Amino acid sequence: MDNSPELELLRERVCELEEKVEHLRVSRRVLMNLLEKVEREKGGIVTRLERENKKLQQHNSRFAKSLLNKNRQIIELQSKENHQA
């Protein structure tokens with residue numbers, strides 16, 4: 036057969052390409068796993084930041100109410116002082 040060397044070369048090429056395809060499959064699985072891990076971590080970070088934001092908003096609200104109460108007290112004291120004077 037005079038096609039034998041050419042056929043052998045083609046077989047070798049097919050084997051090389053099959054190996055490359057298998058490597059690509061492995062690489063894709065690794066990348067997909069990394070992507071899933073990053074997405075899970077991102078979800079955890081977002082959840083933590085949302086909780087922290089809620090706490091800060093509650094603290095800010097309490098602080099604002101406290102300031103309003105102090106301002107009322109100041110105004111009442113100033114009013115009493117003005118009436119006494």
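Throughout the sequence shown, residue numbering follows the working numbering, covering 36 to 120 in sequence.
Don't be surprised by glycine CBs; every beta carbon is placed ideally from N, CA and C.
Quick caveat: nothing in here was measured; it's all calculated off a predicted structure.
- CA-to-CA, the gap between residue 77 and residue 100 works out to about 34 Å.
- The three-state secondary structure of residue 38, taken from DSSP, is coil.
- Linking residue 108 to residue 97 through their CA atoms gives a straight-line distance of about 17 Å.
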